[in-house]
Every structure is written in C-alpha cells, then in structure tokens.
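K.L.:
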Ligand SMILES: [Zn+2]
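The structure is reproduced here in structure tokens:
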C-alpha cells in the first residue's frame, strides 16, 4: 500500500517540477526555432493547438456582427507589470469590467491579463512579426480563468501583431520603462508609470481578423480558446524589441524569444473576417480582366484577317 503512495507522491512532485520548469527551445544560429517543445500532455497530443499559420489560402470568408469592447477605453486600475519568467504581463484587477463580446463569440468574456511574445506566435502567410500581444479573457459564466480553461470556448484571446518601425511605440514605451525592477527578477512587478487603457494597444481596424478554435500556447495548452488575431499590425522600434529580448528568466539568463512554433491546423476552419475584398480575390479578378481583354484582341484580329 505504502509503495503506491510513494509512487503517487513522486509523480505529483515530478509533475509540479515540470509545470514550473518548462521553457522554450534554443533557436538555431539563424534564429529559427524548429521542432516540438516536448511540454507533454495536450501540448504534444492535442489536435486543436495554437499558434497556427494564418494563411489566406487556407481560410474561408466569414461574416460576424461587430466585436463589442466594453470599458476598453478606461485606464486599468492599479496596473502593474509582472515578470512571469516566460513573459511580461499586465494583470487586469477587479472589478472585472473590461468585457469582450459580439464578433460571433459564443459568450461574454472578461479580461484577465495581457502579455507579450517576441517574435510573434501566429504568422500570416508564413511571415513572423516582431512581437505579439495577447489580451486574455475568460467566459463570464465561470468564476475564474482556471475553471474556464477546462471548457471548450471558455477563453477568448485577442492577438495583436507588431512590425519593426523607425518610430518608437509610446504605449509599449510606457510598459518597458515601468518594468524597472521586474525586467531583471522573475516574480517582481512594478506599477505602470502612465495610465494605460487596453484600447491603446488595439489596432484601429477591428473589423478585419482571423478567427479559429485553438489552445493556450503555454503548458498545459488547454484547447479552450476562441482566437481572434487582427490583420492590422502596430509599430515597435528595433530598440524597444531589443529591450523585450533582455528581460531575465528564472536562471538569470535573458529571454531571447518566447514564441511557440506553429501547429498543424488539422482541418479546423480558419475564418477570415473583413469588410473589404482581399488580395487573392483582387488578383483573380485582375487576371480574369486581363484574359478577357486578350480574348477580345484575338477575336478582333481574327475578324480583321477575314
Ligand atoms: Zn500568449
């Protein structure tokens, strides 16, 4: 009897150790990170994992009512920047009044926290961006995000991509400058120097995005997430990106990158929502126009010849 208790205890301890010591694989000399992370559980065996490549060719067009952002224009109360050891995070404290709904989402979702990945986790047509912000929300019918994670569509995450620009981003500057002590020590947090409303980190165009069902991108990779990744990206300067890459991890080394490799879509619907026609359709119609003109020319030439 006692042997089985010891085995159980060892299993618990090993699981706890694994849970707190997961990390990102080291990139090759050219900066590419390839191969699985071996995080175990659903991360290795799941069929609806995130991130994915958001390829226009793999997507279908969809139409949803407008997304609704409640109190995104209010500065986050008592906002702090926290070093989690895997990212820089801003927790959204109570009262939980920042709510996302509409846009075809099956429920109302309360914002829990915001964090960053450098480089981006989602790619668009195979292109990786410099940075990706995740605004993490959970279904308001659950008391905590921990309970919501166990349910399909229990979580909704907004993804915002950033491209390298010559101009610094003032909102990212506020976050980076605030993380005075947190940038070097895991578990420490610093108050934000300037007020920050979540809206300031969203693109102007919130009607154009990719939507799919996926997972958390960190262990245990729960397949509970309604993903919305906006197609309009925001600027970050090269110098600001370098400061993200200098944030320290648990063992005192710098967190050079914290993105997971793209996962197979496994025949999940990838929905592209946009009020305007997109490039693939545009180029197809251009080709058709060109073909029609060529056909008319050939017909005229034939007629003239006769
Ligand atoms: Zn994330």
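Residue numbers (the numbering used here): 3 to 308. By construction, the Cβ of each residue, glycine as well, lies at the ideal position given by its N, Cα and C atoms. All of these numbers come straight from a predicted model, not from anything done at the bench.
Here's a check: name, in chain order, each residue in its chain whose Cβ is nearer than 8 Å to the Cβ of residue 239, leaving out the five neighbours to either side.
P.N.:
Around residue 239: 166, 167, 168, 169, 170 and 171.
K.L.:
Could you pull the DSSP bridge partners for residue 140 from this structure?
P.N.:
According to DSSP, which records beta bridges pairwise, residue 140 is partnered with 112 and 157.
K.L.:
Tell me residue 216's beta-bridge partners as DSSP assigns them.
P.N.:
Beta-bridge pairing links residue 216 to 227.
K.L.:
Anyone know if the C-beta pair for residue 27 and residue 39 falls short of 8 Å?
P.N.:
Cβ atoms of residue 27 and residue 39: closer than 8 Å.
K.L.:
Give the secondary structure of residue 246 by DSSP, where H, G and I count as helix, E and B as strand, and everything else as coil.
P.N.:
Helix.
K.L.:
Let me check understanding here. Comparing Cα to Cα, which of 59, 99, 55 and 145 lies closest to residue 76?
P.N.:
When only C-alpha atoms are compared, the closest one is 99.
K.L.:
By alpha-carbon positions, which one of 88, 69, 87 and 94 ends up nearest to residue 81?
P.N.:
Comparing Cα positions, the closest option is 94.
K.L.:
Quick one: what's residue 68 bridged to in DSSP?
P.N.:
BP columns for residue 68 are empty, so no partner.
K.L.:
DSSP has residue 91 in a bridge; who is on the other side?
P.N.:
In DSSP, residue 91 forms a bridge with 84 and 117.
K.L.:
Just checking, does the stretch 138-150 make contact with the stretch 47-59 on the three C-beta pairs under 8 Å criterion?
P.N.:
No, the stretch 138-150 is not in contact with the stretch 47-59.
K.L.:
According to DSSP, which residues form a beta bridge with residue 192?
P.N.:
Answer is 83.
K.L.:
Around the C-beta of residue 128, are 16 or more other C-beta atoms found within 10 angstroms, so that it is buried, or is it exposed?
P.N.:
Under this definition residue 128 is an exposed residue.
K.L.:
Compare the C-alpha of residue 142 against each of 117, 182 and 110 and name the closest.
P.N.:
Out of 117, 182 and 110, 110 has the C-alpha closest to the C-alpha of residue 142.
K.L.:
Between residue 219 and ligand 1, is there a pair consisting of the residue's CB and a ligand heavy atom that are separated by less than 7 Å?
P.N.:
Checking the Cβ of residue 219 against ligand 1 gives yes.
K.L.:
Which one of 236, 215, 220 and 235 has the shortest CA to CA distance from residue 1?
P.N.:
Summary: the structure shown does not reach residue 1, with the chain confined to residues 3 through 308, and so no result is reported for it.
K.L.:
What do you reckon, is the C-beta of residue 23 under 7 Å from a heavy atom of ligand 1?
P.N.:
Checking the Cβ of residue 23 against ligand 1 gives no.
K.L.:
Whose C-alpha, out of 174, 144 and 41, is nearest the C-alpha of residue 23?
P.N.:
It is 41.
K.L.:
Using the three-state DSSP reduction, which class does residue 232 fall into: helix, strand or coil?
P.N.:
Note: residue 232 maps to strand in three-state DSSP.
K.L.:
Would DSSP call residue 56 helix, strand or coil?
P.N.:
Reduced to three states, the DSSP call for residue 56 is strand.
K.L.:
Are the stretch 181-189 and the stretch 255-262 touching by the rule of at least three beta carbon pairs closer than 8 Å?
P.N.:
No contact exists between the stretch 181-189 and the stretch 255-262.
K.L.:
DSSP beta-bridge partners for residue 164?
P.N.:
Paired residue(s): 133 and 236.
K.L.:
Note the first and the last residue of the continuous beta strand (DSSP E) segment covering residue 103.
P.N.:
101-104 is the span of the beta strand (DSSP E), which, as asked, contains residue 103.
K.L.:
Hey, could you find the ends of the beta strand (DSSP E) residue 309 is sitting in?
P.N.:
In the structure as shown, the chain begins at 3 and stops at 308. Residue 309 is therefore absent and cannot be evaluated.
K.L.:
Does the stretch 195-207 come within contact of the stretch 265-272, defined as at least 3 CB pairs closer than 8 Å?
P.N.:
The stretch 195-207 vs the stretch 265-272: no contact.
K.L.:
Return yes when the C-beta of residue 70 is under 7 Å from any heavy atom of ligand 1, and no when it is not.
P.N.:
No.
K.L.:
Which residue or residues does DSSP assign as beta-bridge partners of residue 126?
P.N.:
DSSP lists 56 and 129 as partners of residue 126.
K.L.:
How many Å lie between residue 43 and residue 246 at the Cα?
P.N.:
Approximately 29 Å between the Cα atoms of the pair.
K.L.:
Which partner residues of residue 256 appear in the DSSP bridge assignment?
P.N.:
In the DSSP output, where bridge partners are listed per residue, residue 256 has 250.
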